[in-house]
Amino acid sequence: MEINDREIIVVLTPYSKAPTMEADCYCRYDVSFKLSNVASSKYYMKIYESDYDGKYDTAHPVYEGLLSFASNKTIEFEL
83 MEINDREIIV VLTPYSKAPT MEADCYCRYD VSFKLSNVAS SKYYMKIYES
133 DYDGKYDTAH PVYEGLLSFA SNKTIEFEL
């Protein structure tokens, strides 16, 4: 996760005990996380899904948009 100048970038990376093991499919995950010490404001957020090596294509985020963050406010969405 990277936060700078009103932009938040999140990269979702699948975990494998054997990172060299290749799979012929990807599983969908239910992911949740908390951001703390982020000023209440609007942020441009990009979310990427990477491969097992942590590589991802910056030209194709799975989510991209403007979100309003406020103290004690929960934001939920599906990718």
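The sequence shown begins at 83 in my numbering and counts up one residue at a time. Note that beta-carbon positions come from the ideal geometry of N, C-alpha and C, so glycine has one too.
- In this structure, the straight-line span from the alpha carbon of residue 161 to that of residue 86 is close to 23 Å.
- With 16 or more other Cβ atoms from the protein chains shown falling within 10 Å of its own Cβ, residue 131 counts as buried.
- Around the CB of residue 83, fewer than 16 other CB atoms lie within 10 Å, so the residue is classed as exposed.
- With a cut-off of 8 Å on Cβ pairs, the stretch 138 to 149 is not in contact with the stretch 108 to 122, counting fewer than three such pairs.
- The alpha helix (DSSP H) runs lying completely inside the stretch 106 to 138 and spanning 4 residues or more number zero.
- For residue 154, the secondary structure class from DSSP, reduced to helix, strand or coil, is coil.
- Ranked by Cα distance from residue 112, the first of 139, 155, 126, 94 is 94.
- Beta-bridge analysis with DSSP links residue 84 to 91.
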